[in-house]
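What follows is one structure encoded as structure tokens, with my remarks underneath.
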Amino acid sequence: MLEEHPTLRMSKASVTHEGNNLYMQSPEVLEQMTRPNLSIPMFELLKEVPYTTVHATGMAENNGKKVSSLRKLRVAFKGIEEAPKMDTTVSS
């Protein structure tokens, strides 16, 4: 998902929410422990909260070089009545 996003383009991403590891690429033991989360809908992983923030770390390209990157991502689920309108514009 993060690798395919036209703005993020982050590879080997690890994702956390409120200090909980949702998915970790490394070390291998954490990847094995969090791999089952890949089959769980994100809404369930985020404890059915209609909107929240997750943190993604991984590798991104900057001027042709791969660099370590941290992104704070706002997540809002469509069709959830309690979700307020969020600003989804991309800022530089």
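Residue 66 in full-length UniProt numbering sits at position 66 of the sequence shown, and the numbers go up by one each step. C-beta: ideal position from N, C-alpha, C; glycine also. Keep in mind it's a predicted model, so treat the numbers as computed, not measured.
For residue i, the nearest candidate out of the options (CA to CA)
i      : options                           : result
Leu-8  : Asn-62, Phe-77 and Gly-79         : Asn-62
Val-10 : Lys-66, Gly-79 and Phe-43         : In the sequence on display, residue 10 carries Met and not Val. Considering only alpha carbons, the answer is Lys-66.
Thr-34 : Leu-22, Met-42, Val-75 and Phe-43 : Leu-22
Pro-50 : Pro-41, Val-15, Ala-76 and Asn-20 : Ala-76
Met-59 : Glu-28, Gly-19 and Leu-70         : Leu-70
First through last residue of the beta strand (DSSP E) which encompasses residue i
i      : result
Val-29 : Val-29 -> not in any beta strand (DSSP E); alpha helix (DSSP H) instead, spanning 28–34.
Proximity below 9 Å, CB of residue i to CB of residue j
i      : j      : result
Lys-72 : His-55 : yes
Thr-57 : Ser-68 : yes
Lys-12 : Gln-32 : no
Leu-30 : Asn-37 : no
Thr-52 : Glu-28 : no
Bridge-paired residues (DSSP) for residue i
i      : result
Gly-58 : Ser-69
Asn-20 : His-17
Ser-11 : Met-59
Element boundaries [alpha helix (DSSP H), containing residue i]
i      : result
Phe-77 : Element bounds for Phe-77: n/a, residue is neither H nor E.
Glu-44 : 42–45
Heavy atom of the ligand FAD within 8 Å of residue i beta-carbon
i      : result
Tyr-51 : In the structure on display, the ligand FAD does not appear, and there are no ligands present to speak of.
Chain B contact for residue i (CB, 9 Å cutoff)
i      : result
Thr-53 : Annotation note: the requested chain B is absent from the structure, which comprises a single protein chain.
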